[in-house]
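Engineer: Encoded as structure tokens, here's the structure I'll be asking about.
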Amino acid sequence: MDKVVPSAAEAVADVPDGASIAVGGFGLCGNPVALITALLERGTRDLHVVSNNCGVDDWGLGLLLAADRIRKITASYVGENKEFARRYLAGELEVELTPQGTLAEKLRAGGSGIAAFFTQTGVGTQVAEGGLPQRYDADGGVALASAAKEVRTFDVEGEPREFVLEQAITTDVAFVHAEVGDRYGNLVFHRSARNFSPLAAMAGQLCIAQVERLVEPGELDPDAVHLPGVFVHRVVEVGTDIEKRIERRTVRTDAGAGERG
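See below:
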């Protein structure tokens, strides 16, 4: 039952080339950077990453991207990473753009054993009709485009509405960051750092969690646990002094500051 491993390097040591990895985080909030860095140092490559976004140029998943370790990414937002845009437009990266709520549900469904689901999100757009560029060629042409998806009409409150079929996502591995975890793998996330992490953890066949603080079994209030240990296979303690970055800092000018002297 004790799932603790001594280091991030040991935790990711058997993640193979070509693996698919679901990674928690939203922007730079809740990024499992210790695990990402350990995978970078190990040299693992040809990865298919599933995450809300791909970090920034020098942090988070952007570290793996800059080192040419990511072959494909399934994400919903990619606007803060210039290297991502360069690689995508140059045909060096395959990108599967997915609406944010749909991506969250794909991960949740995969972790719950649900093969697919219908949603209204994307109906009448290229999300459903196909044709979204997933990979460009060296000349800027579309080398690979998304396929059309099944659209079906259901009666909702007496009104016919169209829904698009979305397949669930499962991955070989999941990386998540939690504020507190116990030796059995039960995790507690800190506020908004919870974001995609429980869903990513559920989708991974092997879930590795980095935690800031490790406690003994029984110390966590069962009602406070955000992710049960049944979804977590390895836990590594990284400490509370790890570096955390803000994606974009915005400050407000206090209009009354000058008057107060």
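Take the sequence shown: its letters are residues 35 to 295, numbered as in my numbering. Glycine is no exception: its CB is placed at the ideal position from the N, C-alpha and C atoms.
Going by DSSP in three states, ASP48 sits in which element: helix, strand or coil?
Structural biologist: coil
Engineer: In angstroms with no decimal places, state the Cα-to-Cα distance between GLN244 and ASP92.
Structural biologist: 20 Å
Engineer: Tell me, please, which residues DSSP counts as bridged to GLY238.
Structural biologist: THR205
Engineer: Let me confirm a value: ASP275 is counted as buried when at least 16 other C-beta atoms fall within 10 Å, else exposed. Which label applies?
Structural biologist: exposed
Engineer: Within the same chain, show all residues whose beta-carbon is closer than 6 Å to that of ALA47, passing over the 5 residues directly before and after it, in chain order.
Structural biologist: none
Engineer: Could you work out which residue in ILE104, ALA101 and SER110 is closest to GLY61 when comparing CA atoms only?
Structural biologist: SER110
Engineer: If you check the beta carbons only, do PRO66 and HIS211 fall under 8 Å apart?
Structural biologist: yes
Engineer: With a 10 Å radius around its C-beta and 16 neighbouring C-beta atoms as the bar for buried, classify GLY64 as buried or exposed.
Structural biologist: buried
Engineer: Over the uninterrupted alpha helix (DSSP H) stretch that includes VAL67, give me the two end residues.
Structural biologist: Run containing VAL67: 67-76, per the alpha helix (DSSP H) assignment.
Engineer: Is GLY145 near LEU248, with beta carbons less than 8 Å apart?
Structural biologist: no
Engineer: Name the one or two DSSP bridge partners that LYS106 has.
Structural biologist: HIS82 and GLU128
Engineer: Quick check: the region 218-235 against the region 182-195, are at least 3 beta-carbon pairs closer than 8 Å?
Structural biologist: no
Engineer: Check whether the region 48-55 touches the region 82-90, counting contact only when three or more Cβ pairs, one atom from each stretch, lie closer than 8 Å.
Structural biologist: yes
Engineer: Kindly give me the distance between the Cβ atoms of GLN168 and ALA150, rounded to whole angstroms, as I take these residues to be in contact under 8 Å.
Structural biologist: Incorrect: roughly 20 Å between the Cβ atoms, too far for contact.
Engineer: Taking one C-beta from the region 115-129 and one from the region 198-216 each time, how about it: are there three or more such pairs within less than 8 Å?
Structural biologist: no
Engineer: Secondary structure at GLN9, three-state DSSP: helix, strand or coil?
Structural biologist: Within the shown structure, residues of the chain are numbered from 35 to 295, placing residue 9 beyond reach of any answer.
Engineer: Within 10 angstroms of the Cβ of THR159, are there 16 or more other Cβ atoms? Answer buried if so, exposed if not.
Structural biologist: exposed
Engineer: VAL266 and CYS241 look like a contact to me (Cβ under 8 Å); what is the Cβ gap, rounded to whole Å?
Structural biologist: 5 Å
Engineer: At the level of alpha carbons, what is the spacing between PRO251 and PHE209?
Structural biologist: The straight-line gap separating the alpha-carbon atoms of PRO251 and PHE209 is approximately 22 Å.
Engineer: Can you tell me which of the three DSSP states GLU250 falls into?
Structural biologist: Collapsing the DSSP output to three states places GLU250 in coil.
Engineer: Please report how far the alpha carbon of ASP102 lies from the alpha carbon of GLU117, in whole angstroms.
Structural biologist: Note on geometry: alpha-carbon atoms of ASP102 and GLU117 lie some 10 Å from one another.
Engineer: Rounded to whole angstroms, what is the Cα-Cα separation between ASP288 and ARG282?
Structural biologist: 19 Å
Engineer: Tell me which same chain residues have a C-beta within less than 8 Å of the C-beta of PHE152, skipping the five on either side of it?
Structural biologist: ARG186, PHE188, PHE197, VAL198, LEU199 and GLU200
Engineer: Using only the alpha-carbon positions, how far apart do ALA43 and GLU75 sit?
Structural biologist: 8 Å
Engineer: Determine which residues share a DSSP beta bridge with GLY178 and list them.
Structural biologist: Reading the sequence as shown, one finds Leu at residue 178 and not Gly. Within the DSSP secondary-structure output, LEU178 pairs in a beta bridge with ARG169.
Engineer: Below 8 Å on the Cβ atoms is my contact criterion, and I expect PHE230 with GLY58 to pass it. Report the Cβ-Cβ distance as a whole number of Å.
Structural biologist: 5 Å
Engineer: My output table needs one value for VAL38: the three-state DSSP class, helix, strand or coil.
Structural biologist: strand
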